[in-house]
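Residue numbers (my numbering): 808 to 1068.
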């Protein structure tokens, strides 16, 4: 449980105890820029007190949403500084780190972005962190295309890959796709995000605030699935995808999602 999660804050602000099943379930802590590092140490200390492995998501790559928003680091140098600061704050704590949702799968992935991710994977892994490089989701890229990108981005030095982050593909489909992908990148293990996949995926992979959503399987580190290290709530359940959807279909050309509001 993260007492500083969005769900916990909303529950406490509104006295909404019905949010307990979300607020009291372990979720990832997102780092979307330098400001999010301010209270990371408190989160790490709380996890250590509970003898739990913290789960963080680094989401700050330059041109983060391929020009569709202003998020992400200003440039490569700023991103490298952010990674160094994150490593420093993590210190001797050990965490599972989901690295850059969408960054490898997105349309603007290129050699320059790959080089940034290689450095981040190496720096975090060398510091003893368990790095899972984000691989997008099953409808977005073929396993063959995704595998080539992941190899270029440094997955060989990572603990594994993350699948279905913030998306709504079923656990079974995500696992099948992840296994094919894992076969192509050295049998790396995977994390599967189940925070939003309690119902069948929306038609045409509608990613932005579809009208019907549900929580998926609660987090577990014993999923009983080959090469799956854990099922996790990586995306914060209940968060909006932005000013879109609201019950109307949203045209999409890929499986990408909007950043955290």
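Heads up, the beta-carbon is just placed ideally off N, CA and C, and yes, glycines get one too.
I'd like the span of the alpha helix (DSSP H) that includes residue 923, first residue to last. From DSSP, the alpha helix (DSSP H) with residue 923 extends over 918-933.
Just verifying my parser: in three-state terms, what is the DSSP assignment at residue 901? Assigned with DSSP and collapsed to three states, residue 901 falls in coil, not helix or strand.
Could you say which of 960, 1048, 852 and 893 lies nearest to residue 973 if we only look at CA atoms? 1048
Mind checking who residue 888 pairs with in its DSSP beta bridge? The partner list for residue 888 (beta bridge, DSSP) is empty, contrary to what the question assumes.
Thinking C-beta only, is residue 866 closer than 8 Å to residue 903? no
Rounded separation between residue 863 and residue 1010 - CA only: 30 Å
Residues of its chain near residue 833, where Cβ-Cβ distance is below 6 Å and the 5 sequence neighbours each way are ignored: 1026
So, does the CB of residue 856 fall closer than 8 Å to a CB anywhere in chain D? Looking for chain D here will not work: only one protein chain is present.
Residues in the same chain with beta-carbon distance under 8 Å from residue 881, minus the five sequence neighbours each way, listed in chain order, please. Here the set comprises 869.
Determine the burial state of residue 888: buried for a count of at least 16 other Cβ atoms within 10 Å of its Cβ, exposed for fewer. exposed
Using only the alpha-carbon positions, how far apart do residue 1012 and residue 946 sit? If you take the alpha carbons of residue 1012 and residue 946, they lie about 8 Å apart.
Given 8 Å, three or more beta-carbon pairs between the stretch 1001-1010 and the stretch 948-967: At 8 Å Cβ cutoff, the stretches do not touch.
Measuring alpha carbon to alpha carbon, tell me which residue in 895, 873, 861 and 907 is nearest residue 915. With distances taken between Cα atoms, residue 915 lies closest to 873.
Give the straight-line distance between the Cα atoms of residue 964 and residue 1051, rounded to the nearest whole angstrom. 37 Å
Would you report the Cα separation of residue 835 and residue 1042, rounded to the nearest angstrom? Spanning the two alpha carbons is a distance of roughly 7 Å.
Here's the rule I'm using: 16 or more other beta-carbon atoms within 10 Å means buried, otherwise exposed. How should residue 907 be labelled? buried
If you follow the alpha helix (DSSP H) that residue 854 is in, where does it begin and where does it stop? 847-856
Cα-Cα separation, residue 931 to residue 891: 9 Å
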